[in-house]
Every structure is written in structure tokens, then in C-alpha cells.
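The C-terminal position of the sequence shown is numbered 599 in full-length UniProt numbering, with every residue numbered one higher than the one before it.
All residues carry an ideal CB built from backbone N, CA and C; glycine is no exception.
For reference, the structure discussed in these notes is given below.
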Amino acid sequence: MTRHIGADLLKRLVVAENLSNCGGFVLTTTGKDLATLSFFQRSIQKVANLFLHLDARTEESLKIYELLLSFCSVSAMRTPVCSSILSTPVSTGRAVTPFWIIAKTAKMTFTEAMTPDVPISACRLMRFLLKEVFDCGKKISEFLQISVVSEIVVSCVGGLQEFEGPLLTERCQLLTEGLRIAEVAALDDDIRPELLSVVSSGLCSKIFNDQIMMNPITHQLQTSTAPENIPEWSLNGTEIILELIKVLATLKDFSKLHKDLYWRTLKDERLIPFIAFAIANGSDDMVSNALLLYNHCKQVPEFQSSWLGSLISSWTKSNRIAYADYKRLNGSCSNLNESFGMKGMERMQFGSEEFSNISIEDFLGKVKQGMAVNGKDARLSQIVGVFEKKLSMMESREKELETLISIKDHALAQNDRQRFSNGSSGTELNSLKTAIAILENSLGEEKLRNKEIRALNDKLTEQIDAAKTQAEIAIERSDHLQKEKLQLTELLQTQQTENVEERKIQHILRLKFDDMTEKFTTTSKTLFEAEEQVAKLNVLLMQATEATEARSKVENAKLNQLEKSVTENEQKLTSLKEERNKIQLEKNKLECLLKGIGR
């Protein structure tokens, strides 16, 4: 009980319900600077450590989840709270962290948890924590095993098998949270391959077809009237469709099957009633997701934007008429945001019909004079709502006056009959005629005021048309910017691819440069060794040259001697030749003499 009271008190001190928008929380004056205080992180860690000691199925644990989720719903508090939980040290007693306990709780089935809010709340907090992990530039594996996240997604998306039973709304909520966790976890490169098999294209197609077949919103495909008496889970089913498209948009760049399913889903015209219903009746997050889905659908040239606009317009108008009837029957004005999911209307509480008329007249007077309403300028949707409310009030008043006149006419007829039958005086008849004249004057005044309101409504309609034109121009500009963004993205991807190729080439050049450097070093070393050998050879050559010169001198001397001896021998040979010639001559002479003697 103490923890219950403490959690409620802390929640009321730090955050408060946002009265100007649909749902959510805002920081109170007390909680504005709370995250900057030195003890804030330590206090959040102490609160998170309670998960280590409490049973996840108890109301105390659920109360802590509710407190932390209310903090995380405020953008200014989300990062400090999530970072404090992630940085909580490991418990010495159990060797686990609060993050691990939250992940374990998120894997629980409804049977194990006994209370459906337990795993749903854990999954919501888990999504905030995973988002903070990626925002900090970290990996899931630093805090949890990758398989744990996959098991959580499997547990969430596998719970919606039948569209019946008392926990159908809770099963739809759990499936929505599972898809949100899958969308966030798909940012991690390590878990993405496993996630592609867990959230397969076949499973995504089954989820989409189940909602198309079973959700009553699809039945509005052939009608322009606002859906009535729809079950509570139908709104959660619409969230499933919106989150499923976001998951497919994230995974389409990594899987061809998911990419084909993504484009096939955007071309399905049965998606249009879900977008219209989310915009006309959803919360702030649903409207934001629906507009994001609309931007995705605008990529399809055949998308019927005019049909979507007519559905949104007709459903919104039906909601306003239903609101006017509700106000007339109950005599008080409740919040349109809470009753019918309409946005952009100021909360106005009226204690009686007369006070409501005075407040509306005062509001319209300020609008005509260009004055601020409640300290700020009136929004276009607010003015439209007030004019619609005024018209409905005037029509209601006109019907009441007509009814009253018919009653008076009936009473007058009865009085005439009684006068003729009884011969009574016409004093009473004159008084009735006077009353009828007064009522007819009042009716005429009401009709004139009604005409003025209708004239103002026509002017406002023109302003709305102009605003729609500007919105269409803004949408076209947004589409143009989106195309430029896609072109820049493609250029960036091309540049990144070229950078990768350049890095590969630089790596190859670096390897070649290192190889050439090594070869140059080896060659230089070899050259130095060769120079040393050349120097040694030069010394040996000089020595050999000197020895050769010495030998050459000796050989020259010997050669000179030989030349002298050759010269002497040649001279001797010449003298011998001369002597031989002389002897030959003498021989010839002797032969001649011998021949003469023989004769």
C-alpha cells in the first residue's frame, strides 16, 4: 500500500494529464527541472531495482511499470529515465539487471502473467529502452542476448490466432507492441537476419489479411457513414495495420519478399478505411502514424486520395452531429476528444443550456473581432466545431419552437371549438394569439440568427477550402522534397559505394606499396653488399694489375730477348738461304757439267 501511494504521489508531482490533446502526459511545474538534479538517476535506478525483488505479476510491479511509462511518455523525461535504467549496475545478489527482468516479463504469456497488463506494460517499456540503446549508438548484445528480443517478438505476434474471447483487445494491444519492438530492433545489424525469419513476409501477410477480413472497419469500404457500434478491439486492430506497414517499410530494404508485400499492401484499396478511421477517431500517435502511412501510399500513383478525404470529412461530420445530439439530450457539453476522438477542439464545460449559448456567443463575438480566445488565437478546427455546434443548437431551438407552435395551434383549435360550443368570451383566445405572435417573432429572430450563422459558416467553408488548397500545395511540396530526398539518398548510397570501392583500391595500393617497400629494402641491402664486394674486387683487381704489370715487365724483357734471338735467327736463315741458293746454283752447274760429260 505504501508503494502504491508513493507511486501515485510521485506520478502526480512529476506529470499531469494533457488536457489540450488526446491522451498523454505533460510535465508539471515540479517536474520540469527534475531530470537535471544529481539524485534523479540514482532514484530511478532504485525504483528499477524493485523489479529484482517483486513478483512481476503483483499490483506493486504493475504500479511501477505505470509510473515509469508515464515518465517515458513525456519526451523530455524519456531519455534520462531510460538511460538511468540501462546504466543500473548488475545486482550482486542475483547477477541480473532491471533490463533483463523487464525482458523476461515481456516474454510472459497471459496465462503465466494472470493479468494481461503485465506483459503489455513490459513490452511498452521494453520498446522505449531499445530505442534508447540505438539512440546512444550501442548494440543490443551489450545488454541482452539477441535471441531474447526475438523470443519477445514471437511471443507477442503469435498471440492473436482467433478473433474472439474476452481478451481479444489485450491480444491486439500485445501484437501492436510486438510489431513496435520489431521495428525498433530491426535497426540492429546483428539481430536483423534473425528478425527477418521471425517476422516473415508470410506472417505479415497473415496479420494484414486477418484484420482486413475480421475488422469491422473494412465494412465501411462501400459506405461514407461513420462506423457505429464497433468493438473496442477494432481500434487496436487499426493500430496493428499502421504498425505493420512501418515494420514492412523498415525491412523492405533487406528482404525482397518484404519489399513485394510492402508495395502490394500499399496498392490495396481496403487500406483506405483504416487510414480514414485513424485520422478521424484515433489518438495523437494514431493520427501521426496514419499521416505517415498516407505519405507511403502517395508513392502509388493509383492511390485514391479523394476517396480518403471524403471518408475523413463524412466521418468527422457524423461525429460532430452525434456530439451535438449527445449534448442536447444530456444538457451538458463533454469533451469531444474523449467521446469521439476528435482533435483541435478546446475543452469547454457548460453547466446549463443558457450558459452554453452565452459562451458560444461570446466566443463567436471574439472571433468576429479578431480577439484571442483563452489567451491564444482560435484554431480553424475549433471555429468549425463552434459553428457546427451553434448551427445544431439553432436547429434544435427551431424544432422546439415549431413543436410549441403546433401545440399552441392545437390548443387554439380546441379553444375555438369550446368558444363556439359554450359561447365563452374571446379574452383567452386573444391572449393565446398574443403568445403565438410572440413565439412567431422569436422564431423569426432565430431564423435570422440562423441565416447569419450559415453565412458565417459559408465564409468559413471558403476559408477551409483555401486552407485545403494550401495543404494540397504543401503536400505537393512535401512530395517534391520527398523525391529530392530519395534522389539524395540514392546519390548518398552511390557515393558510399564509391567510397567503399576507393577504400578497397586504397587497401590494395597500400599492400602493393608495402610489398614494393619491402622489395626496395631487400634490393638496397643487396646493393650495399654488392658495393662491398665490388670494393673488395677492386682491391683484388689493383693487386692483380700490379702483379700483372710486374709480370708484363718480365715478359717484355723476355720478349725483347726472343725478338733479338728471332732477329738473329732470321738473319742466320737469310744467310743460310743465300748459301743454299749459291749451292743450288753450283748444283745446277754441276748437273749441267755432268750432262755434258755423259754425252
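Glu-66: first and last residue of the uninterrupted alpha helix (DSSP H) it sits in: The count along the sequence shown starts at 1 and reaches residue 66 at position 66. It spans 59 to 72 - the alpha helix (DSSP H) in which Glu-66 sits, taken as one unbroken run.
Outcome for Lys-11 when other beta-carbon atoms lying within 10 angstroms are tallied against a minimum of 16: Reading the sequence shown from its first residue, position 11 is the one you call residue 11. Under this definition Lys-11 is a buried residue.
Span of the alpha helix (DSSP H), counted from its first residue to its last, around Ala-16: Translated into the one-based positions of the sequence shown, residue 16 becomes position 16. It is not in any alpha helix (DSSP H) - Ala-16 instead sits in the beta strand (DSSP E) that spans 15 to 17.
Beta-carbon gap between Thr-176 and Glu-239 smaller than 7 Å: Counting from one through the sequence shown, the residue named residue 176 turns up at place 176. Counting from one through the sequence shown, the residue named residue 239 turns up at place 239. The answer is yes: Cβ separation under 7 Å.
contact_flag[the segment 96 to 104, the segment 114 to 133] where n(CB pairs < 8 Å) is 3 or more: yes
Among Pro-80, Glu-59, Ile-5, Thr-58, nearest to Asp-33 - alpha-carbon criterion: Indexing the sequence shown from 1 puts residue 33 at position 33. With distances taken between Cα atoms, Asp-33 lies closest to Pro-80.
Selection from His-258, Asn-215, Lys-252 that minimises the alpha carbon distance to Gly-237: Locating residue 237 in the sequence shown gives position 237, counting from the first residue. Closest option to Gly-237, Cα to Cα, is Asn-215.
Nearest neighbour of Leu-130, chosen from Glu-502, Thr-58, Met-77, Ala-185 [CA to CA]: The residue labelled residue 130 in the question sits at position 130 within the sequence shown. Closest option to Leu-130, Cα to Cα, is Ala-185.
Alpha helix (DSSP H) segment containing Leu-27, residue limits: The count along the sequence shown starts at 1 and reaches residue 27 at position 27. Where Leu-27 is concerned, there is no enclosing alpha helix (DSSP H), although the beta strand (DSSP E) it sits in stretches over 25 to 27.
Check whether Ile-230 and Ala-280 have beta carbons under 7 Å apart: Against the sequence shown, residue 230 aligns to sequence position 230. Against the sequence shown, residue 280 aligns to sequence position 280. No.
Unbroken alpha helix (DSSP H) run spanning Ser-155, endpoints: Taking the sequence shown and counting its residues from 1, the one referred to as residue 155 is at position 155. Residues 146 to 157.
Spatial distance of Leu-144 from Glu-60 (CA atoms): The residue labelled residue 144 in the question sits at position 144 within the sequence shown. The residue labelled residue 60 in the question sits at position 60 within the sequence shown. Distance between the alpha carbons of Leu-144 and Glu-60: 25 Å.
Outcome for Gly-282 when other beta-carbon atoms lying within 10 angstroms are tallied against a minimum of 16: Indexing the sequence shown from 1 puts residue 282 at position 282. Gly-282 should be labelled buried.
Own chain partners of Ser-70 with C-beta closer than 7 Å, once the 5 adjacent residues on each side are dropped: Translated into positions along the sequence shown, residue 70 becomes position 70. Closer than 7 Å at the Cβ level, and outside the excluded window around Ser-70, lie Lys-11, Val-15, Phe-25.
Inter-residue CB distance, Ile-181 and Val-153 (contact presumed, cutoff 8 Å): For the purposes of this step, residue 181 is taken as the residue at position 181 of the sequence shown. For the purposes of this step, residue 153 is taken as the residue at position 153 of the sequence shown. Between Val-153 and Ile-181 the Cβ distance is about 6 Å, and since that is below 8 Å, they are a contact.
Simplified DSSP state of Ile-438, which is helix, strand or coil: Here residue 438 refers to the residue found at position 438 of the sequence shown. Looking at Ile-438 - three-state DSSP - the assignment turns out to be helix.
Minimum C-alpha distance to Trp-263 - residue among Thr-92, Ala-557, Phe-254, Ala-249: Here residue 263 refers to the residue found at position 263 of the sequence shown. With distances taken between Cα atoms, Trp-263 lies closest to Ala-249.
8 Å contact criterion, which Leu-293 and Ile-245 should meet: CB distance rounded: For the purposes of this step, residue 293 is identified with residue 293 of the sequence shown, where counting begins at 1. For the purposes of this step, residue 245 is identified with residue 245 of the sequence shown, where counting begins at 1. Right, their Cβ atoms sit about 5 Å apart.
Thr-469 versus Gln-463 - alpha carbon distance: Here residue 469 is taken as the residue at index 469 of the sequence shown, counted from 1. Here residue 463 is taken as the residue at index 463 of the sequence shown, counted from 1. Straight-line Cα distance between these residues: approximately 10 Å.
Proximity of Phe-39 and Cys-82 at Cβ, strictly below 7 Å: Position 39 of the sequence shown, counted from the start, is the residue given in the question as residue 39. Position 82 of the sequence shown, counted from the start, is the residue given in the question as residue 82. No, they are not a contact pair.
Opening and closing residue of the alpha helix (DSSP H) in which Val-247 lies: If you number the sequence shown from 1, residue 247 lands on position 247. Unbroken alpha helix (DSSP H) run through Val-247: 232 to 251.
Close beta carbons around Ser-201, own chain, < 8 Å, minus the five adjacent residues each side: By one-based count along the sequence shown, residue 201 stands at place 201. Cβ within range, chain order: Ser-255, Leu-257, His-258, Asp-260, Leu-261.
Three-state secondary structure (DSSP) of Ser-352: Along the sequence shown, one-based indexing puts residue 352 at 352. The predicted position of Ser-352 is uncertain, since its pLDDT is 34 and thus under 50; a value taken from the coordinates is nonetheless stated next. Here Ser-352 sits in coil by DSSP.
Backbone CA spacing between Thr-36 and Leu-488 [nearest angstrom]: Residue mapping note: residue 36 aligns to position 36 of the sequence shown, counting from 1. Residue mapping note: residue 488 aligns to position 488 of the sequence shown, counting from 1. Each residue's Cα considered, the two are about 39 Å apart.
Between the CA atoms of Leu-266 and Thr-115 - distance to the nearest angstrom: Counting from 1 along the sequence shown, the entry for residue 115 is found at position 115. Counting from 1 along the sequence shown, the entry for residue 266 is found at position 266. Rounded to the nearest angstrom, the two C-alpha atoms are 36 Å apart.
Of the listed residues Arg-192, Val-157, Ile-453, nearest to Ile-146 (C-alpha basis): Position 146 of the sequence shown holds residue 146. Looking at the Cα atoms, Arg-192 is the closest of the given residues.
Nonlocal neighbours in the same chain, by C-beta distance under 7 Å from Trp-307, ignoring five residues either side: Reading the sequence shown from its first residue, position 307 is the one you call residue 307. Here the set comprises Ile-272.
Leu-52 vs Ser-91 beta-carbon contact at 7 Å: Taking the first residue of the sequence shown as 1, we reach residue 52 at position 52. Taking the first residue of the sequence shown as 1, we reach residue 91 at position 91. It is a contact, given that the beta carbons lie within the stated cut-off.
7 Å CB neighbourhood of Lys-298 in its chain, flanking five on each side removed: Looking up residue 298 in the sequence shown gives position 298. Result list for Lys-298: Asp-479, in chain order.
DSSP state of His-53 mapped onto helix, strand, coil: Locating residue 53 in the sequence shown gives position 53, where the first residue counts as 1. Three-state result, His-53: coil.
Residues near residue 643 by beta carbon distance below 8 Å, same chain, minus five either side: In the structure as shown, the chain starts at 1 and stops at 599, and residue 643 therefore has no counterpart that could be examined.
Close Cβ partners of Asn-100 (< 7 Å) along its chain, the five nearest in sequence each way excluded: Here residue 100 is taken as the residue at index 100 of the sequence shown, counted from 1. Per the sequence presented here, residue 100 reads as Trp, with Asn not at that position. Only Leu-144 meet the Cβ criterion.
Buried versus exposed call for Pro-98 [16 or more other C-beta atoms within 10 Å across all chains shown]: In the sequence shown, the residue the question calls residue 98 occupies position 98. It is buried - the Cβ of Pro-98 has at least 16 other Cβ atoms within 10 Å.
Rounded straight-line distance, which links the Cα of Lys-512 to that of Leu-251: Against the sequence shown, residue 251 aligns to sequence position 251. Against the sequence shown, residue 512 aligns to sequence position 512. Rounded to the nearest angstrom, the two C-alpha atoms are 40 Å apart.
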